[in-house]
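Beneath this line is the structure, given in structure tokens, with notes to follow.
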Amino acid sequence: MPGEQFFLNHDDKEISALATTLLTSKYELNDWGRVKIHVISEEEKLKVSVEHALLSIKLRWLERKFDETIKALQQATGDNDYEILLNSQKKLLKKKSAISAKLGRIVLR
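Heads up: take any position in the sequence shown, counting from 1, add 12, and you land on our numbering.
Here it is, written out as structure tokens:
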């Protein structure tokens, strides 16, 4: 994948100008650090957003697995199958609770 320099030094002046416009910031933050105010950068926001999105995907996957386990429990015939499925359901619920806590969500079921 081409880097920033490729587009900045591109032969087509429109592409070069667009790259310059996109890579320069319109606004500059003052020196908030000297008054001990931490300003969250775009990179920090992106990292948090990506982590949140990945945790949400994992949670959704766990919820589907949990629902599948409930259906399997309804169809279980032997005590051994029932016990295995209950243990699996317990582990899934524990993982769901941990991820939900990280996301700041409340687990109702």
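Built from N, CA and C at the ideal position, the CB exists for glycine as well.
Closest to residue i by CA distance: which of the options is it?
{"i": "residue 125", "options": "93, 92, 97, 57", "result": "Because residue 125 is not part of the residues shown, which for the chain are 13 to 121, the question remains open."}
{"i": "residue 28", "options": "81, 34, 19", "result": "19"}
{"i": "residue 37", "options": "53, 13, 83", "result": "53"}
Thinking C-beta only, is residue j closer than 7 Å to residue i?
{"i": "residue 115", "j": "residue 74", "result": "no"}
{"i": "residue 118", "j": "residue 70", "result": "no"}
Beta-carbon within less than 8 Å of residue i's beta-carbon, same chain only, minus the 5 sequence neighbours each way: which residues are those?
{"i": "residue 31", "result": "16, 19, 20, 22"}
{"i": "residue 108", "result": "71, 74, 75, 78, 119"}
If residue i sits next to residue j, beta carbons under 8 Å apart, how far is it from one beta carbon to the other, in whole angstroms?
{"i": "residue 81", "j": "residue 100", "result": "6 Å"}
Could you name the residues of the same chain whose beta carbon sits closer than 6 Å to that of residue i, not counting the 5 residues immediately before and after it, in chain order?
{"i": "residue 94", "result": "88"}
Excluding the 5 residues preceding and the 5 following residue i in the sequence, name in chain order all residues of the same chain whose CB lies nearer than 7 Å to its CB.
{"i": "residue 65", "result": "none"}
Quick check for students: name the residue ranges of the alpha helix (DSSP H) that lie wholly in the segment 71-121, counting only runs of 4 or more.
91-115
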